[in-house]
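Peer 1:
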Amino acid sequence: MHAMTFIGPVILLGVVLGFVTMAILFERKVIGWMQGRHGPNRVGPWGVLQSVADVLKLLLKEDIIPHQADRPLFKWAPIIAFVPAFAVLAVIPYTPTVYFADIGVGLLYYIAISSITTIGVLAGGWASNNKYALLGAMRSAAQMISYEIPLVMAVIGVIMSVGSLNLMTIVEAQKNLWFILPQFIGFAVFFVASLAELNRTPFDLPEAESELVAGYHVEYTGFRFAFFMLAEYVYVFAMAGLTTVLYLGGWNPLFGMTFIPPIIWFVFKFSLIVFSLFWIRATLPRIRIDQLMQLGWKVLLPLALANIFLSAILKEIPWIGQFY
Amino acid sequence: MVVTGESIAFFVLSMMAIGGGMMMISATKVVHMVLSLAFSLLSIAGIYVLLHAEFLAVVQVLIYTGAISILMLFGIMLTKHHVTEEDDQSPRRWHPFLSFLGVGALFAIIMGVIYQTPFANNEEVTQSYSLEALGKAVFKQYVIPFELTSILLLVALVGAVILAKKEADS
Chain A
5 MHAMTFIGPV ILLGVVLGFV TMAILFERKV IGWMQGRHGP NRVGPWGVLQ SVADVLKLLL
65 KEDIIPHQAD RPLFKWAPII AFVPAFAVLA VIPYTPTVYF ADIGVGLLYY IAISSITTIG
125 VLAGGWASNN KYALLGAMRS AAQMISYEIP LVMAVIGVIM SVGSLNLMTI VEAQKNLWFI
185 LPQFIGFAVF FVASLAELNR TPFDLPEAES ELVAGYHVEY TGFRFAFFML AEYVYVFAMA
245 GLTTVLYLGG WNPLFGMTFI PPIIWFVFKF SLIVFSLFWI RATLPRIRID QLMQLGWKVL
305 LPLALANIFL SAILKEIPWI GQFY
Chain W
76 MVVTGESIAF FVLSMMAIGG GMMMISATKV VHMVLSLAFS LLSIAGIYVL LHAEFLAVVQ
136 VLIYTGAISI LMLFGIMLTK HHVTEEDDQS PRRWHPFLSF LGVGALFAII MGVIYQTPFA
196 NNEEVTQSYS LEALGKAVFK QYVIPFELTS ILLLVALVGA VILAKKEADS
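The listed protein sequences correspond, in order, to chains A and W.
The opening position of the first sequence corresponds to residue 5 in the numbering used here, with each subsequent residue numbered one higher.
The opening position of the second sequence corresponds to residue 76 in the numbering used here, with each subsequent residue numbered one higher.
Here it is in structure tokens:
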């Protein structure tokens with residue numbers, strides 16, 4: 005056993021926590037900029053310490069458990085929601101040398117483990133014994149079931165052209181051409197479905213603050229609430245990493261610019277995805293619940309299926325086949 | 076018997092699986108039951124990982140977490156939430172004793188069968204079973220049963236839709 009086996013995940017956790025604090029600040033700054041505001045600018049220079057102050061506030065807050073709540077489940081729910089969020093990071097390869105678990109079914113592992121979070125959300129919503137929380141939890145489950153199918157169907161195009169579920173092999177296969185070009189329909193479906201899986205605007209119905217107060221975590225305060233939020237932002241990290249690996253060529257450089265190290269390329273593409281997530285949040289209104297189901301089942305699923313057929317046909321055509 | 080990391084992991088995982096099953100039986104609230112079921116099923120996925128059946132483990136997690144969430148939704152929607160579970164002090168006092176007897180007999184029979192069944196002594200090498208080999212077996216060697224199963228599932232799906240539609244119309 006290597007020393008890195010134990011230290012590596014700890015470092016990763018530190019990096020992820022750092023990312024989360026910075027991402028929250030960045031999100032508020034970006035949204036502020038798009039809406040013609042300054043965003044947070046009081047705590048520290050340029051508001052850098054705003055998220056740190058927020059986290060400190062959350063940790064110091066009184067921990068309230070509602071009298072009518074199901075106490076053990078109320079305490080377990082944030083843990084069930086958070087643990088999978090960190091566990092999925094194990095399979096994402098950052099560079100040819102920086103990776104944690106190089107397992108054969110990496111892609112499926114990510115999708116399977118990430119769906120466990122819904123159980124945590126559902127348990128939290130039910131244990132709160134509050135009708136808004138329960139409604140938010142119900143919406144979350146419905147959304148997860150509806151959008152996981154197009155998400156999986158969209159990546160089948162990638163899997164077909166690589167012939168492997170291993171994320172390292174998928175990145176290696178994009179040496180010459182990133183999959184965002186030949187698999188563009190797949191990428192579009194994947195990106196929309198991943199927004200829904202992340203519960204981010206325009207798909208933030210499980211916690212729609214204007215109709216459900218705060219959805220499934222309405223009764224949560226202090227560090228339990230912080231854990232739900234943390235899970236959400238760790239998923240942003242994971243999903244941006246996965247999108248980079250699947251469609252943007254991971255650490256592969258553009259135009260053969262190999263003098264820039266692979267990790268910088270990865271971080272650059274990763275930041276681009278994270279920025280688009282914030283951009284979408286700042287510009288799109290929330291989708292209606294009936295439109296949500298229609299979009300999932302009547303638009304994304306047929307598109308994803310069409311993408312599978314198209315990839316299978318184009319693979320057999322002589323010259324074009326080399327790209328698939 | 077040599078105590079290796081693998082055997083420790085197996086014991087922990089199997090205790091978790093059995094413990095989840097026992098919690099499932101003894102819990103009184105529907106949501107608790109469903110969650111203990113999920114715990115049990117996820118531990119079984121861990122045992123699959125120990126057997127180098129990674130694909131099976133991942134699919135187990137993928138399918139059962141979805142199934143568990145749906146089961147939980149139905150559990151919440153179809154049962155009364157606010158009614159506190161009444162302690163059923165059933166007048167049938169012999170029931171625990173009789174059921175213990177029945178379970179004990181079942182256990183004895185199963186253990187007897189397991190110990191009498193001769194196992195081939197050679198250990199199977201599971202490390203070499205790759206996902207690729209599995210795909211080839213399913214889509215080449217057993218393609219006809221596989222397709223027939225998918226048609227069967229499709230028929231069941233269409234049947235369920237028709238049944239639900241009839242109810243909605245009336």
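Virtual Cβ for every residue (Gly too), placed ideally from N, Cα, C.
#1: Can you tell me where the alpha helix (DSSP H) with ASN134 of chain A in it begins and where it stops?
#2: Taking DSSP as the reference, what is the three-state secondary structure of GLU129 of chain W?
#3: Hey, how far is the Cα of SER225 of chain W from the Cα of GLY210 of chain W?
#4: Alpha carbon to alpha carbon, how far is TRP283 of chain A from MET38 of chain A?
#5: Since I believe GLY150 of chain W is in contact with VAL105 of chain W (beta carbons under 8 Å), could you give me their beta-carbon distance rounded to a whole number of angstroms?
#6: If I'm right that VAL125 of chain A touches ALA158 of chain A with Cβ under 8 Å, what's the distance once you round it to whole angstroms?
#7: ILE317 of chain A lies in the alpha helix (DSSP H); which residues open and close that run?
#8: Are the beta-carbon atoms of ALA81 of chain A and ALA131 of chain A separated by less than 8 Å?
#9: Give the list of continuous alpha helix (DSSP H) stretches no shorter than 4 residues that lie fully inside the stretch 229 to 287 of chain A.
#10: Of all Cβ atoms in chain W, is any one closer than 8 Å to the Cβ of TRP301 of chain A?
#11: Check whether the stretch 111 to 121 of chain A and the stretch 88 to 95 of chain A are in contact - that is, three or more C-beta pairs closer than 8 Å.
#12: Chain A partners of GLY80 of chain W, CB-CB under 7 Å?
#13: Helix, strand or coil for THR9 of chain A per DSSP?
#14: Report back the beta-carbon spacing between VAL109 of chain A and VAL136 of chain W to the nearest angstrom; my notes put them in contact at under 8 Å.
#15: What's the gap between the Cα of HIS221 of chain A and the Cα of VAL178 of chain W?
#16: For a cutoff of 8 Å on Cβ pairs, would you count THR108 of chain W as touching chain A?
#17: Whole angstroms is fine: what's the gap from ARG32 of chain A's alpha carbon to ARG204 of chain A's?
#18: Distance check for PHE130 of chain W and ALA27 of chain A, CA to CA, integer angstroms please.
#19: Applying a beta-carbon distance threshold of less than 7 Å, which residues of chain W neighbour ILE115 of chain A?
#20: Rounded to whole angstroms, how far is the Cβ of VAL249 of chain A from the Cβ of ILE15 of chain A, which I believe are closer than 8 Å?
#21: Does the distance from the CB of ILE143 of chain W to the CB of LEU112 of chain W come in under 8 Å?
#22: Taking the alpha-carbon positions, what's the ASP74 of chain A to LEU62 of chain A distance?
#23: Within a Cβ cutoff of 8 Å, which residues of the same chain sit near SER89 of chain W, ignoring the five residues on either side of it in sequence?
#24: Say yes only if the C-beta of LEU288 of chain A is nearer than 7 Å to one or more non-hydrogen atoms of the ligand GDP, and no if none qualify.
#25: Using 8 Å as the limit for Cβ to Cβ distance, is ALA113 of chain W near chain A?
#26: Can you give me the C-alpha to C-alpha distance between GLY219 of chain A and THR99 of chain A, rounded to a whole angstrom?
#27: Taking just the CA atoms, how far does VAL19 of chain A sit from MET8 of chain A?
#28: Quick one: residues in its chain with C-beta nearer than 8 Å to the C-beta of ALA102 of chain W, no 5 flanking neighbours on either side, listed in chain order?
#29: Strictly below 7 Å CB to CB, what residues from chain W border GLY108 of chain A?
#30: Pull up the distance between the alpha-carbon of ALA137 of chain A and that of LEU148 of chain W, whole angstroms please.
#31: Would THR9 of chain A count as contacting chain W if we go by Cβ distances under 8 Å?
#32: Measuring alpha carbon to alpha carbon, tell me which residue in A:GLN54, A:HIS71, A:ILE153 is nearest ALA200 of chain A.
#33: For TYR103 of chain A, I'd like the list of residues in its chain whose CB is within less than 6 Å of its CB, leaving aside the five on either flank, ordered along the chain.
#34: When DSSP labels each residue in this structure, what does VAL158 of chain W get in the three-state scheme?
#35: Cβ closer than 7 Å: which chain A residues qualify as neighbours of VAL148 of chain W?
Peer 2: Answer, in terms of the structure:
#1: Segment: none, ASN134 of chain A is in no alpha helix (DSSP H) and carries neither H nor E.
#2: helix
#3: 16 Å
#4: 8 Å
#5: 4 Å
#6: That pair is no contact at about 23 Å.
#7: 305 to 320
#8: yes
#9: 266 to 287
#10: no
#11: yes
#12: Here the premise fails: no neighbours, minimum Cβ distance about 10 Å.
#13: helix
#14: Wrong, their Cβ atoms sit about 11 Å apart, outside the cutoff.
#15: 43 Å
#16: Strictly speaking, residue 108 of chain W in this sequence is Met, with Thr absent from that position. No, its Cβ sits nowhere closer than 8 Å to a Cβ of chain A.
#17: 14 Å
#18: 34 Å
#19: LEU137
#20: Contact doesn't hold; Cβ gap of about 20 Å is too wide.
#21: yes
#22: 22 Å
#23: SER118, ILE122
#24: The ligand GDP is not part of this structure, which contains no ligands at all.
#25: yes
#26: 38 Å
#27: 15 Å
#28: MET108, SER111
#29: GLU129, SER205, LEU206
#30: 13 Å
#31: no
#32: A:ILE153
#33: PRO97
#34: The pLDDT assigned to VAL158 of chain W is 48, lower than 50, so where the model puts this residue is not dependable, and the model offers no usable value.
#35: Note that residue 148 of chain W is Leu in the sequence shown, not Val. Chain A residues near LEU148 of chain W: MET142, ALA145.
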